[in-house]
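Participant: Using the numbering used here, you'd call the opening residue of the sequence shown number 69 and step up by one each time.
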Amino acid sequence: MYCKKCGTELRENDTFCYYCGNRIGWMQRMLSSKAFIGSVIAVFVVIIAAVLTYLIWTGKITMPSFDKGQTTEQNKIVDSGKSGKDSDNPAAKATATPAPTATPYAFTPSDVTKTMKKEMKPLTERLKPFLAYSASFYANGSHRFKFDTTFVTTMAIFNLEHSDKTLRYGDSMSKVKKEAKKEIKKIFGSNYKYKFAYTGTYPGYVYRPTGNTIVFNSMRIPGKDYQMKVKKITEYEEGKYRLTVEAYLTNAGSSVKGVSQKYKVYLEKDDSSEFGFVVSKIKL
């Protein structure tokens, strides 16, 4: 303790400065007392300890757990409930932070005509004869288009009898079914539910059963060539394509264009297919 007037160092219980005679007030003596300072520190320590004890007891502060002297990466929550279970004390439950939700990927359709036309040509060439043959019937409205088992089976047999000459007049029905199933699998994929369809109603009938054999209408369209142009290819989903094609007949040896019909042909990427793609649907 020091005299406020002259700065002389005084003893703890001095009431007057022995140098200048200045009176030392009781407040100055009390604040300078070691006992008082110790009491104040003790009070603060007690208050801080009480606050920490309350926070830990109510679960608002977690204490680190130790395993054989090593600090673990997890903190245990102290529970104030009687049962000792976390479920009894909502404040002791750890709130899980939800994982960030990934932004959905939006595919943007794009025109891939230039890049995909050549790659798809083996399959589009396979579709060309039958779509060209059928064009005039659909274009003039004399036949209602329907993508069904009859259409698919007729296309397969048309290709085998006309394009590949795999089938012949008078072949057995069992052979026709077997070969048609192979052709359908090539074009439409292994997921297509094969069902052989007899047809006598298709325009200018392509085939008809006669007992255990099959008869073809080999005089369908004499002197005509099959033509088809791929106008546009759009990738509307990843690995899925929509082709706009125009199919028609021309006179053999000339470029005179007959009645044409536009089709929407839907293809899907399929590495197991002979063509690399399979047809999922055909629409007008």
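Just so you know, even glycine gets a beta-carbon here, dropped at the ideal spot from N, CA and C.
How long is the line joining the alpha carbons of THR302 and ALA248, rounded to whole angstroms?
Facilitator: The residue you call residue 302 lines up with position 234 of the sequence shown. The residue you call residue 248 lines up with position 180 of the sequence shown. Going by the C-alpha atoms only, they are around 30 Å apart.
Participant: Pull up the distance between the alpha-carbon of LYS330 and that of ASN227, whole angstroms please.
Facilitator: What you label residue 330 is simply residue 262 of the sequence shown in a count that begins at 1. What you label residue 227 is simply residue 159 of the sequence shown in a count that begins at 1. Each residue's Cα considered, the two are about 20 Å apart.
Participant: Whole angstroms is fine: what's the gap from ALA126's alpha carbon to LEU120's?
Facilitator: Reading the sequence shown from its first residue, position 58 is the one you call residue 126. Reading the sequence shown from its first residue, position 52 is the one you call residue 120. This sequence places Thr at residue 126; Ala is not what is there. Roughly 10 Å between the two C-alpha positions.
Participant: Please report the Cβ distance between SER382 and ASN285, rounded to the nearest whole angstrom; I am assuming they are in contact, meaning their Cβ atoms lie under 8 Å.
Facilitator: Since the first residue of the chain shown is 69 and the last is 352, residue 382 is not available in this structure.
Participant: Would PHE264 and THR221 qualify as a contact pair, given that the criterion is a beta-carbon distance under 8 Å?
Facilitator: Along the sequence shown, read from residue 1 onward, the residue named residue 264 stands at position 196. Along the sequence shown, read from residue 1 onward, the residue named residue 221 stands at position 153. Taking 8 Å as the Cβ cut-off, PHE264 and THR221 qualify as a contacting pair.
Participant: Looking at C-alpha atoms only, which residue of LYS196, PRO277, TYR173, LEU191 is the closest neighbour of LYS38?
Facilitator: Shown here, the chain extends from 69 to 352; a query on residue 38 therefore has no answer.
Participant: Compare the Cα-Cα distances from TYR173 to each of PHE219, LYS186, ARG276, GLU306 and report the closest residue.
Facilitator: The sequence position of residue 173 within the sequence shown is 105, counting from 1. Checked all of PHE219, LYS186, ARG276, GLU306; the closest Cα to TYR173 is GLU306.
Participant: In the structure shown, what three-state DSSP assignment does GLU229 receive?
Facilitator: Here the question's residue 229 lines up with position 161 in the sequence shown. Helix.
Participant: Take GLY294 and list the residues in its own chain whose beta-carbon comes closer than 7 Å to its own, dropping the five residues that flank it on each side.
Facilitator: Here residue 294 refers to the residue found at position 226 of the sequence shown. The amino acid occupying residue 294 in the given sequence is Tyr; Gly does not appear at that position. Counting only Cβ-Cβ distances below 7 Å, and skipping sequence neighbours, we find LYS196, PRO197, ALA200, TYR201, LEU317.
Participant: By the three-class DSSP mapping on this structure, what secondary structure does ARG276 have?
Facilitator: The residue given as residue 276 occupies position 208 in the sequence shown. Three-state result, ARG276: strand.
Participant: Under three-state DSSP, which class holds PHE256?
Facilitator: Position 188 of the sequence shown, counting from 1, holds the residue named residue 256. Note: PHE256 maps to helix in three-state DSSP.
Participant: DSSP three-state label for SER242, please.
Facilitator: Walking along the sequence shown from the start, residue 242 turns up at place 174. DSSP places SER242 in helix when its eight states are reduced to three.
Participant: Given a cut-off of 8 Å on the beta-carbon distance, is the pair LEU335 and VAL346 in contact?
Facilitator: The residue labelled residue 335 in the question sits at position 267 within the sequence shown. The residue labelled residue 346 in the question sits at position 278 within the sequence shown. In this structure, VAL346 lies closer than 8 Å to LEU335 by Cβ.
Participant: For the alpha helix (DSSP H) containing THR281, list its first residue and its last residue.
Facilitator: Here the question's residue 281 lines up with position 213 in the sequence shown. From DSSP, THR281 is part of no alpha helix (DSSP H) but of the beta strand (DSSP E) over 281-284.
Participant: Would DSSP call GLY209 helix, strand or coil?
Facilitator: Translated into positions along the sequence shown, residue 209 becomes position 141. Looking at GLY209 - three-state DSSP - the assignment turns out to be coil, as it is neither helix nor strand.
Participant: For the putative contact between ALA38 and ALA203, defined by C-beta atoms under 8 Å, what is the C-beta separation to the nearest angstrom?
Facilitator: With the chain covering 69 to 352 only, the question about residue 38 has no answer from this structure.
Participant: Going by beta carbon distance, what residues of the same chain come within less than 6 Å of LEU191, once the five residues before and after it are set aside?
Facilitator: Here residue 191 corresponds to residue number 123 of the sequence shown, with the count starting at 1. Counting only Cβ-Cβ distances below 6 Å, and skipping sequence neighbours, we find PHE343, PHE345.
Participant: Looking at the structure shown, is ALA265 part of a helix, part of a strand, or coil, going by DSSP?
Facilitator: Indexing the sequence shown from 1 puts residue 265 at position 197. DSSP places ALA265 in coil when its eight states are reduced to three.
Participant: Within the same chain, show all residues whose beta-carbon is closer than 7 Å to that of LYS136, passing over the 5 residues directly before and after it, in chain order.
Facilitator: For the purposes of this step, residue 136 is identified with residue 68 of the sequence shown, where counting begins at 1. Residue placement at LYS136 is flagged as unreliable, the pLDDT there being 48, under the threshold of 50; a coordinate-derived value is accordingly withheld.
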